[in-house]
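Enquirer: Residue numbers (our numbering): 335 to 485.
Idealized CB from N, CA, C, for every residue including glycine.
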């Protein structure tokens, strides 16, 4: 009964503390968890090579749209089973910084996935996913995408 739920909560907390063993992981995870509790029309795009970050986000999901972005079809097939996560094929290798952010935003826009999304958080966690060369959590304010489409 109730004791089992307490044990599960304790184990989840322990797992989260293990993820926060390094400062850079802690900062990225804090931003990610903060985003999951936001009341904004927020989208979360996660660059992933292993699927660990989208799995974590699917467990603490609010009303945000979550896209798991990978160039690995096997990972995308596994992530298709997660609640609230949309797998998206995108070859991000060799991209970083502003170029990566712009390309991801354009890819999601042209895939008609940014409807009713005011802001996008781009997450790339090298420390958890081995994706990219650094840990980033970038907030991107989106212009009115309808105006962009008609321009």
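Which residue's Cα is closest to the Cα of residue 364: 474, 476, 459, 475?
Expert: The shortest C-alpha separation from residue 364 is found at 459.
Enquirer: So, at 7 Å on beta carbons, what are the nonlocal neighbours of residue 454 in its own chain, with the 5 sequence-adjacent residues on each side left out?
Expert: These residues qualify, in order along the chain: 377, 379, 439, 474, 476.
Enquirer: Cα separation between residue 408 and residue 374?
Expert: Rounded to whole angstroms, residue 408 to residue 374 spans 32 Å at the Cα level.
Enquirer: Using three-state DSSP, classify residue 404 as helix, strand or coil.
Expert: Correct three-state label for residue 404: strand.
Enquirer: Our contact map puts residue 360 next to residue 383 with C-beta atoms below 8 Å; I'd like the distance itself, whole angstroms only.
Expert: Going by Cβ atoms, the distance from residue 360 to residue 383 rounds to 21 Å, so no, they are not a contact pair.
Enquirer: Taking the alpha-carbon positions, what's the residue 389 to residue 422 distance?
Expert: One C-alpha to the other measures close to 15 Å.
Enquirer: Buried or exposed: which applies to residue 385, given that a residue is buried once 16 or more other Cβ atoms fall within 10 Å of its Cβ?
Expert: By the neighbour-count rule (16 or more Cβ atoms within 10 Å), residue 385 is buried.
Enquirer: Relative to the C-alpha of residue 417, which residue among 451, 457, 398 is closest?
Expert: Out of 451, 457, 398, 398 has the C-alpha closest to the C-alpha of residue 417.
Enquirer: For residue 453, which of helix, strand or coil comes out of DSSP?
Expert: Strand, per DSSP.
Enquirer: Please list, in chain order, all residues of the same chain as residue 435 whose beta carbon is under 8 Å from its beta carbon, the five residues on each side excluded.
Expert: Result list for residue 435: 456, 472, 474, in chain order.
Enquirer: For residue 369, collect the residues of the same chain with a Cβ closer than 7 Å to its Cβ; drop the 5 residues on either side in sequence, then sort them by chain order.
Expert: Answer for residue 369: 376, 378, 398, 455, listed in chain order.
Enquirer: What three-state label does DSSP hand residue 473 in the structure shown?
Expert: Strand.
Enquirer: For the candidate residues 449, 426, 393, whose alpha-carbon lies nearest to that of residue 415?
Expert: Comparing Cα-Cα distances from residue 415 to each of 449, 426, 393, the minimum goes to 393.
Enquirer: Cutting at 6 Å between CB atoms, please list the residues of its own chain near residue 441, excluding the five before and the five after it.
Expert: Result list for residue 441: 424, in chain order.
Enquirer: Which residues in the same chain have their Cβ closer than 8 Å to the Cβ of residue 410, if we skip the five residues on either side of it in sequence?
Expert: So the qualifying residues of the chain are 402, 404, 421, 422, 423.
Enquirer: Using the three-state DSSP reduction, which class does residue 439 fall into: helix, strand or coil?
Expert: Looking at residue 439 - three-state DSSP - the assignment turns out to be helix.
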